[in-house]
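Only one structure is covered here, and it is reproduced in the block below.
Residue numbers (our numbering): 79 to 318.
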């Protein structure tokens, strides 16, 4: 592994461990499950950090021979959910259902503007205009930073763009935004589905994906959401 890929893996595993710690505190993981997961993740992190230290200790060289560019593992993983990307547009219709507030704490005029921006973002996504959709959702977050609908969409768009560009910073940002959306609306299945798909598509996060899809199934998702989740549930050995 390269130094950058080691750093990416360490960050992802640390995020996974933090999620599991929060789930244990919330009673979603038993003491035994948490202990086993913590031991496994810490062992993996120790190995990764040791490998990273070896990279740090290596002497610099004047020139590095050209290497053949290899396709990112993350991009390979993304192929498994490319077929679901179009279906995820359906989720825009359910993001503002029970459990997801879009206008709390704002004036009536701001509330109307938020609704217009969210509708604009939804229409842009449906038309395949990701850039303008992202701009609309980011404007929502400028008005209401904890708007779950906008956070979910921005997180998905950032993750997707980062994966396509092999940009680890964008991938991690998108993952963090989706994690925040889940924490803000734990009873809403839509953000949970996005987050679970991201976990399933990211190497080394199978355990996190399983936990998130199980939580998703407990939230009474719609038929459309379950249909989107179906291939991932089958791949992970879960009953949809």
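For every residue, glycine included, the Cβ atom is placed at its ideal position computed from N, Cα and C.
Computed from a predicted model, the values in this text were never measured in an experiment.
In angstroms, rounded to a whole number, what distance separates the CA positions of residue 95 and residue 127? Counting from 1 along the chain shown, the entry for residue 95 is found at position 17. Counting from 1 along the chain shown, the entry for residue 127 is found at position 49. If I take the Cα positions, the gap works out to 15 Å.
Per DSSP, what kind of secondary structure is residue 303 in: helix, strand or coil? Start at 1 with the first residue of the chain shown, and residue 303 comes out as number 225. Helix.
Please return the same chain residues whose Cβ sits closer than 8 Å to the Cβ of residue 235, not counting the five positions on each side in sequence. Position 157 of the chain shown holds residue 235. Counting only Cβ-Cβ distances below 8 Å, and skipping sequence neighbours, we find 208, 211, 212, 215, 252.
If you measure between the beta carbons of residue 314 and residue 294, is that distance less than 9 Å? Here residue 314 refers to the residue found at position 236 of the chain shown. Here residue 294 refers to the residue found at position 216 of the chain shown. Cβ atoms of residue 314 and residue 294: not closer than 9 Å.
If you compare alpha carbons, which of 106, 110, 115 is closest to residue 284? In the chain shown, counting from the first residue as 1, residue 284 sits at position 206. Residue 284 has its Cα closest to that of 115, out of 106, 110, 115.
Between 104, 120, 111, which lies nearest to residue 92 when the distance is taken from Cα to Cα? In the chain shown, residue 92 corresponds to position 14, counting from 1. The shortest C-alpha to C-alpha distance from residue 92 to any of 104, 120, 111 is the one to 120.
In the segment 181 to 263, which residue ranges form an unbroken alpha helix (DSSP H) of at least 4 residues, counting only runs that do not cross its ends? Here the runs fully enclosed are 186 to 204, 208 to 221, 226 to 243, 246 to 262.
Cα-Cα separation, residue 193 to residue 131: Along the chain shown, read from residue 1 onward, the residue named residue 193 stands at position 115. Along the chain shown, read from residue 1 onward, the residue named residue 131 stands at position 53. So the alpha carbons of these two residues sit roughly 50 Å apart.
What separation, rounded to the nearest whole angstrom, lies between the Cα atoms of residue 200 and residue 271? Position 122 of the chain shown holds residue 200. Position 193 of the chain shown holds residue 271. The straight-line gap separating the alpha-carbon atoms of residue 200 and residue 271 is approximately 17 Å.
Please classify residue 281: does DSSP put it in a helix, a strand, or coil? Here the question's residue 281 lines up with position 203 in the chain shown. Residue state, collapsed to three classes: coil.
Contacts around residue 149, its chain only, beta-carbon distance under 6 Å, and the 5 residues preceding and following it disregarded: The residue you call residue 149 lines up with position 71 of the chain shown. Residue placement at residue 149 is flagged as unreliable, the pLDDT there being 42, under the threshold of 50; the coordinate-derived value follows with that caveat. Here the set comprises nothing.
Residue 230 burial status per 10 Å Cβ neighbour count (16 or more: buried): Position 152 of the chain shown, counting from 1, holds the residue named residue 230. With 16 or more other Cβ atoms from the protein chains shown falling within 10 Å of its own Cβ, residue 230 counts as buried.
DSSP three-state label for residue 274, please. Taking the first residue of the chain shown as position 1, residue 274 is located at position 196. DSSP places residue 274 within a helical segment (H, G or I) once states are collapsed to three.
Own chain partners of residue 299 with C-beta closer than 6 Å, once the 5 adjacent residues on each side are dropped: Locating residue 299 in the chain shown gives position 221, where the first residue counts as 1. Shown here for residue 299: same chain residues with a beta carbon closer than 6 Å to its own, the five before and five after excluded, namely 267 in chain order.
Looking only at its own chain, which residues have a Cβ that is under 8 Å from the Cβ of residue 342, when we skip the five neighbours before and after it? Given that the chain is displayed from residue 79 to residue 318, the structure contains no residue 342 and the question cannot be resolved.
Selection from 312, 232, 240, 190 that minimises the alpha carbon distance to residue 202: The residue you call residue 202 lines up with position 124 of the chain shown. Of 312, 232, 240, 190, the residue nearest in Cα terms is 232.
Among the residues of its own chain, which have a CB less than 6 Å from the CB of residue 316, if the five just before and after it don't count? What you label residue 316 is simply residue 238 of the chain shown in a count that begins at 1. Shown here for residue 316: same chain residues with a beta carbon closer than 6 Å to its own, the five before and five after excluded, namely 291 in chain order.
Among the candidates 239, 258, 237, 242, whose CA atom is the shortest distance from the CA of residue 223? Start at 1 with the first residue of the chain shown, and residue 223 comes out as number 145. Out of 239, 258, 237, 242, the CA that lies nearest to the CA of residue 223 is found in 258.
Can you find the residues in the same chain that come closer than 7 Å, C-beta to C-beta, to residue 239, ignoring five residues on each side of it along the sequence? In the chain shown, counting from the first residue as 1, residue 239 sits at position 161. Excluding residues up to 5 positions away in sequence, 248 lie with their Cβ nearer than 7 Å to the Cβ of residue 239 in the same chain.
Reduced DSSP category for residue 320 - H, G, I as helix; E, B as strand; rest coil: What is shown of the chain runs 79 to 318, which leaves residue 320 out entirely.
Buried versus exposed call for residue 303 [16 or more other C-beta atoms within 10 Å across all chains shown]: One-based indexing of the chain shown puts residue 303 at position 225. Residue 303 comes out buried.
Measuring CA to CA, which of 310, 308, 191 is closest to residue 219? Along the chain shown, read from residue 1 onward, the residue named residue 219 stands at position 141. Selected option, being the one with the closest Cα: 191.
Inter-residue Cα distance where the pair is residue 242 and residue 113: By 1-based counting over the chain shown, the position of residue 242 is 164. By 1-based counting over the chain shown, the position of residue 113 is 35. In this model, residue 242 and residue 113 are separated by some 35 Å (Cα to Cα).
Does DSSP put residue 91 in a helix, a strand or coil? Taking the chain shown and counting its residues from 1, the one referred to as residue 91 is at position 13. Looking at residue 91 - three-state DSSP - the assignment turns out to be helix.
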